[in-house]
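Chains as they are written, first to last, in the UniProt record's numbering: chain E, 1 to 361; chain X, 1 to 606. Below: the structure, in structure tokens.
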Amino acid sequence: MAFLSPDSIWRRFDWPYFLPILGLATVSLIVLYSAGEQDPGLVIGQALRFGVAFLVFFLVAAIPPRLLSLLAPYFYVGVLLLLVLVPFVGTTGMGAQRWIVVGPLTLQPSELAKLVLPMTLAAFLSHQDYPPSPGVLISSLVLIALPTGLIMIQPDLGTSVLIAASGLVILFLAGTPWWFFASLGTLALAAMVPAWHMLHDYQRQRLLGFLNPEADPYGAGYHITQSKIAIGSGGLTGKGWLNGTQAQLDFLPERHTDFIFAVLSEEFGLIGGLVLLTLYLVLTLRGLVIAFRSREMYNRLVAAGISTMFFFYVVINIGMTSGLLPVVGVPLPLVSYGGSSLVALLAGLGLVMGISMRRGR
Amino acid sequence: MGQFAHFERRTRLVGLGLLGLGLILMGRLFYLQIEQFFHYRTLADENRITVRPVPPPRGLIYDRRGRLLVENEPAFALELYPEHVDDTSKVLDRLVEVLPSAAVQRDRMAQRLKESPPYLPAILIEGLNTEQVAKFASHQHRFPSIRIRARSQRNYLRGPLTAHVLGYLAQPDKSDFRKFDADLYPPGTRVGKMGLEREYEEILHGAPGFREVETDAFGRVVREISTERPEPGKNLILTLDEDLQKATHEALAPHPEASAVALNPETGGILAMASRPTFNPNEFIGGLSDNTWQQLRQDPNEPLVNRVTQGLYPPASTIKPVLAMAGLVDGAIKTSTEFSCNGTFNVGQDEHTFHCWKSWGHGPMTVDQAVVESCDVYFYKLAHRMGIEPIHKALKAFGLGNRTGIDLPSERKGLNPGPVWKRRMQGEIWYPGETVMTAIGQGYMEATPLQLGVMAAAVANGGFRVEPHLVHGVQDPVSGKVDYREHDRAAIGLVKEESLAVIRDAMRRVVGSVHGTAHSIAGGWIPVAGKTGTAQVVRIDRDKEEQLDPKEKERRLRDHALFVAFAPVEDPQIAVAVVVEHGISGGKTAGKVARKMIDSYFGKGS
Chain E
1 MAFLSPDSIW RRFDWPYFLP ILGLATVSLI VLYSAGEQDP GLVIGQALRF GVAFLVFFLV
61 AAIPPRLLSL LAPYFYVGVL LLLVLVPFVG TTGMGAQRWI VVGPLTLQPS ELAKLVLPMT
121 LAAFLSHQDY PPSPGVLISS LVLIALPTGL IMIQPDLGTS VLIAASGLVI LFLAGTPWWF
181 FASLGTLALA AMVPAWHMLH DYQRQRLLGF LNPEADPYGA GYHITQSKIA IGSGGLTGKG
241 WLNGTQAQLD FLPERHTDFI FAVLSEEFGL IGGLVLLTLY LVLTLRGLVI AFRSREMYNR
301 LVAAGISTMF FFYVVINIGM TSGLLPVVGV PLPLVSYGGS SLVALLAGLG LVMGISMRRG
361 R
Chain X
1 MGQFAHFERR TRLVGLGLLG LGLILMGRLF YLQIEQFFHY RTLADENRIT VRPVPPPRGL
61 IYDRRGRLLV ENEPAFALEL YPEHVDDTSK VLDRLVEVLP SAAVQRDRMA QRLKESPPYL
121 PAILIEGLNT EQVAKFASHQ HRFPSIRIRA RSQRNYLRGP LTAHVLGYLA QPDKSDFRKF
181 DADLYPPGTR VGKMGLEREY EEILHGAPGF REVETDAFGR VVREISTERP EPGKNLILTL
241 DEDLQKATHE ALAPHPEASA VALNPETGGI LAMASRPTFN PNEFIGGLSD NTWQQLRQDP
301 NEPLVNRVTQ GLYPPASTIK PVLAMAGLVD GAIKTSTEFS CNGTFNVGQD EHTFHCWKSW
361 GHGPMTVDQA VVESCDVYFY KLAHRMGIEP IHKALKAFGL GNRTGIDLPS ERKGLNPGPV
421 WKRRMQGEIW YPGETVMTAI GQGYMEATPL QLGVMAAAVA NGGFRVEPHL VHGVQDPVSG
481 KVDYREHDRA AIGLVKEESL AVIRDAMRRV VGSVHGTAHS IAGGWIPVAG KTGTAQVVRI
541 DRDKEEQLDP KEKERRLRDH ALFVAFAPVE DPQIAVAVVV EHGISGGKTA GKVARKMIDS
601 YFGKGS
């Protein structure tokens with residue numbers, strides 16, 4: 001159980017990992033000011049959330065990863081219980097039950113699950129033989145499927161996809177043979193038909209709207225169409241900060257949350273988008289490097305799993321705002337307005353930071 | 001391969017995969033922002049820049065003394081932007097909550113929404129009063145998809161009094177756009193459907209302006225980019241006299257179906273024109289309910305018909321002065337020529353008998369006496385002597401059987417029958433008995449009250465056929481300059497002054513003499529000349545007959561009462577024609593109306 005001395009914290013602090021995070025936070029506040037109708041209150045509120053989230057980031061980084069790996073199974077069971085509780089005591093919002101309100105705190109168990117699943121899976125796999133046996137693989141799949149399924153019925157398609165993906169990446173890095181993924185893929189294809197019937201109407205509409213947005217320009221396709229117009233009309237250099245007509249004139253829906261990337265692209269153009277993507281790539285690849293350099297299997301799997309999941313966030317969000325992927329409610333990590341997702345994300349990144357600071361030990 | 005090496009290889013693979021995904025996203029951005037930039041920039045501009053038409057103010061209409069007959073007043077409507085509404089019925093529920101008075105219109109609003117195209121605002125309610133507007137405005141924040149729109153609407157200040165003259169406005173339909181330039185009619189603007197509003201549509205309407213505005217996604221105007229002012233419609237200055245118009249309606253009031261027209265015999269300018277029953281054009285403004293509209297359309301008394309220009313009646317004895325003059329000019333008779341009336345006249349091989357209204361006969365009559373006492377036998381004999389051709393020609397010269405050319409839509413022609421007409425229409429020859437019928441304005445003859453008025457004017461003005469008209473001048477609302485209109489005035493070649501003098505004197509005695517058929521309206525300081533007529537009602541439309549109760553059927557079989565007049569006799573300034581349907585006696589009922597009109601015109605009205 002290695003807590004670090006203040007001196008070694010400073011020495012071991014992973015600046016290449018931390019600077020992109022700071023950069024993204026800065027971008028977030030700048031774009032939020034524009035997207036939130038130039039309401040300073042909104043920006044200040046988000047800055048305060050960043051403050052809380054950074055506190056969590058450092059706290060998590062300070063806790064020894066091994067301690068967390070020991071606690072992971074308990075966390076896992078706790079999160080599962082919360083997820084089961086959601087339908088009974090959860091608060092409904094936007095057609096989904098996702099939140100549990102405890103006094104002044106709003107808890108979103110699915111956000112916790114995003115952290116806990118990689119930890120649990122990594123902990124479980126790091127104690128097994130290498131490469132994992134079929135029995136271990138089946139157990140791992142069950143570990144992944146439980147939270148994924150519970151979140152899917154909330155319904156929160158985006159988060160369940162992210163959790164499943166992070167789990168699969170960890171399985172892959174843990175040395176799972178290719179044939180396993182091949183058969184999993186075949187099974188998934190076969191499950192598409194029944195899955196379609198299990199989807200909620202609005203989810204189906206979103207998927208159909210994605211395939212043919214022009215068919216319903218004022219319904220499901222409206223978001224995609226307006227978002228593409230905002231991005232496309234930004235051009236190379238953008239219309240300038242606070243000058244995005246699509247965003248400022250209310251054409252763009254949910255523009256400070258899920259569609260904030262369209263605001264950024266409209267006002268800062270391709271250059272702005274590339275800068276943002278570069279920040280994300282640097283952060284993600286640095287996370288993989290940290291995993292790469294770590295010597296403990298648990299650390300490797302957790303760092304790689306969280307980093308990959310983080311980037312999947314980016315891919316899904318930008319993919320949907322630019323019309324490559326169907327609209328599922330996934331925020332742009334660290335940039336979208338909101339609290340619980342931000343805290344969860346920075347907790348995850350703190351975990352990776354903590355691993356980085358203990359490399360070579 | 002060791003566990004760690006294996007892990008490192010797979011991590012590299014994942015890293016490359018993520019990098020690849022990142023590149024795909026970058027490529028997507030490049031495609032949207034560079035390749036498709038112009039496409040999306042155009043879409044963005046179309047999204048937010050809209051061109052909105054600004055309807056022009058419609059021209060006003062004044063009477064001859066500059067008194068306003070119709071004004072434009074602000075009217076408020078609620079418009080709904082359908083693309084911003086998920087559940088319209090919920091919105092309507094909330095609206096009814098805020099405006100309880102709108103509850104009765106809920107179904108109609110839902111219907112309008114259904115019919116309205118999804119990309120245009122739908123008009124929910126029109127004709128809101130200021131109180132309702134204020135009430136809605138205080139709840140505006142709850143209705144982001146609904147907006148108040150102000151526009152101007154017509155207010156006919158004299159309501160039913162000028163309904164047939166001014167007409168009314170309504171939503172344009174396809175047939176209107178065949179006639180008028182559709183580009184001039186932004187959604188919501190109205191088109192003239194009747195009367196002067198219809199006839200002078202293009203002058204009254206003006207041209208819309210345009211406002212290029214930047215809007216937000218809700219269509220709210222953020223900023224104005226450019227404007228082009230509308231060109232206001234021009235004002236009309238009428239020949240109509242508001243006071244006389246009112247007096248005419250009052251004089252007609254006792255009669256359910258009647259009409260009267262007064263004109264300046266020198267110019268043809270219409271001084272008054274009234275048709276009963278009438279309707280209130282202001283009821284059309286907020287969009288007439290189907291019920292009211294059907295009621296108006298199906299009313300057997302046809303309130304929407306302007307009887308002055310569209311009602312057809314046998315002119316009866318009112319044409320006798322013209323025939324008398326034609327006889328004198330033709331040489332068939334002299335002023336001294338006497339025909340004796342014993343109450344009947346026989347004509348043709350089958351010796352068909354025609355009766356005088358005075359069955360015991362008038363005795364020997366000269367032409368002037370025949371006019372004064374309206375002796376039918378005299379005119380049977382005169383017509384028999386003249387033959388149909390000169391009669392037909394004379395009536396035609398005075399305007400019968402032709403449109404007068406008045407500046408109102410849908411004027412009817414009437415019928416001035418003759419052998420040519422009969423051959424063409426019925427393929428038969430003209431019989432002498434028909435000539436005799438024509439002489440007393442019966443048989444096939446049909447005339448509008450306006451034609452009779454023009455005929456009276458021609459007798460009054462010394463033999464000129466005037467072109468009746470309502471519009472005296474067209475005023476530019478910006479400069480105030482008035483463009484006065486010229487009107488035709490054709491000399492009737494067949495008229496001789498001395499013959500006309502005889503006739504005019506006879507018409508004076510129709511009123512003035514104790515033997516005159518209109519003696520009942522004698523008196524007063526303005527000498528009036530006139531001629532009575534009693535038109536036989538031969539039949540009632542069969543389909544109408546069935547709906548009528550016996551009492552009403554009896555009324556409808558009664559004769560129409562007609563009267564034409566001019567005054568003062570020496571210097572005629574007004575010519576009048578009155579038709580009272582089923583009014584029985586020309587002199588008493590129709591003559592009384594004319595008398596009241598003339599008294600009012602010369603300042604002695606009640």
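The beta carbon of each residue, even a glycine, is placed where N, CA and C say it ideally should be.
Asked, Found
"Unbroken stretches of the beta strand (DSSP E), 3 residues or longer, contained in the segment 321 to 384 of chain X", "339 to 341, 344 to 347, 352 to 355 and 363 to 365"
"Closer than 9 Å to chain X by CB, residue 172 (chain E)", "yes"
"Residues of its chain near residue 580 (chain X), where Cβ-Cβ distance is below 6 Å and the 5 sequence neighbours each way are ignored", "255, 258, 561, 589 and 590"
"Limits of the beta strand (DSSP E) - the one that residue 483 (chain X) falls within", "482 to 484"
"6 Å Cβ shell around residue 484 (chain X) - same chain, five flanking residues per side excluded", "473"
"Span of the beta strand (DSSP E) around residue 562 (chain X)", "560 to 567"
"Which listed residue (E:87, E:223, E:168 and E:347) has its alpha carbon closest to that of residue 324 (chain E)", "E:223"
"Nearest residue (CA-CA) to residue 67 (chain X), options X:240, X:316, X:512 and X:109", "X:240"
"CB contact flag (residue 153 (chain X), residue 195 (chain X), <9 Å)", "no"
"Through-space distance from residue 44 (chain X) to residue 8 (chain X), alpha-carbon basis", "47 Å"
"The segment 243 to 253 of chain E touching the segment 272 to 279 of chain E, judged by at least three CB pairs closer than 8 Å", "no"
"Assigned exposure category for residue 292 (chain X) - 16 Cβ within 10 Å defines buried", "exposed"
"Every unbroken beta strand (DSSP E) within the segment 191 to 275 of chain X, with a cutoff of 3 residues, ordered by chain", "209 to 215, 221 to 228, 235 to 238 and 258 to 263"
"Whole-angstrom distance between residue 288 (chain E) and residue 356 (chain E), CA atom to CA atom", "10 Å"
"Alpha-carbon spacing of residue 466 (chain X) relative to residue 397 (chain X), whole angstroms", "11 Å"
"Residue burial classification, residue 130 (chain X) (beta-carbon count within 10 angstroms, cutoff 16)", "exposed"
"Range covered by the alpha helix (DSSP H) that runs through residue 615 (chain X)", "Nothing about residue 615 (chain X) can be read from this structure; chain X reaches only from 1 to 606."
"Proximal residues of chain X, C-beta to C-beta of residue 240 (chain E) below 9 Å", "Simply none; closest approach about 14 Å."
"Exposed unless 16 or more other CB atoms sit within 10 angstroms - verdict on residue 111 (chain E)", "buried"
"For residue 145 (chain X) and residue 305 (chain X), the rounded distance between their alpha carbons", "42 Å"
"Residue 246 (chain E): contacting residues in chain X (beta-carbon distance under 9 Å)", "44, 47, 48 and 217"
"Residue 153 (chain X) - DSSP class collapsed to helix/strand/coil", "strand"
"Beta-carbon gap between residue 281 (chain E) and residue 19 (chain X) smaller than 9 Å", "yes"
"Residues of the segment 164 to 198 of chain E with Cβ closer than 7 Å to any Cβ of chain X, in chain order", "169, 172, 173 and 175"
"Within chain E, the residues that residue 222 (chain X) reaches when beta carbons sit closer than 8 Å", "249"
"Runs of alpha helix (DSSP H) wholly within the segment 377 to 459 of chain X (minimum 4 residues, chain order)", "388 to 397, 419 to 426 and 432 to 439"
"At least three beta-carbon pairs within less than 8 Å, the segment 72 to 84 of chain E to the segment 143 to 152 of chain E", "yes"
"Cβ pair count under 8 Å reaching 3, the segment 307 to 327 of chain E against the segment 125 to 145 of chain E", "no"
"Beta carbon proximity, residue 4 (chain X) to chain E, threshold 9 Å", "yes"
"Nearest-angstrom Cα separation, counted from residue 272 (chain E) out to residue 151 (chain E)", "34 Å"
"Any chain X beta carbon closer than 9 Å to residue 137 (chain E)", "no"
"Nonlocal neighbours in the same chain, by C-beta distance under 7 Å from residue 243 (chain X), ignoring five residues either side", "600"
"Any 3 or more C-beta pairs closer than 8 Å across the segment 307 to 324 of chain X and the segment 444 to 456 of chain X", "yes"
"Cutoff 9 Å: residue 19 (chain X) Cβ touching any chain E Cβ", "yes"
"Limits of the beta strand (DSSP E) - the one that residue 73 (chain X) falls within", "68 to 80"
"Contact under 9 Å by Cβ, residue 33 (chain X) with residue 332 (chain E)", "no"
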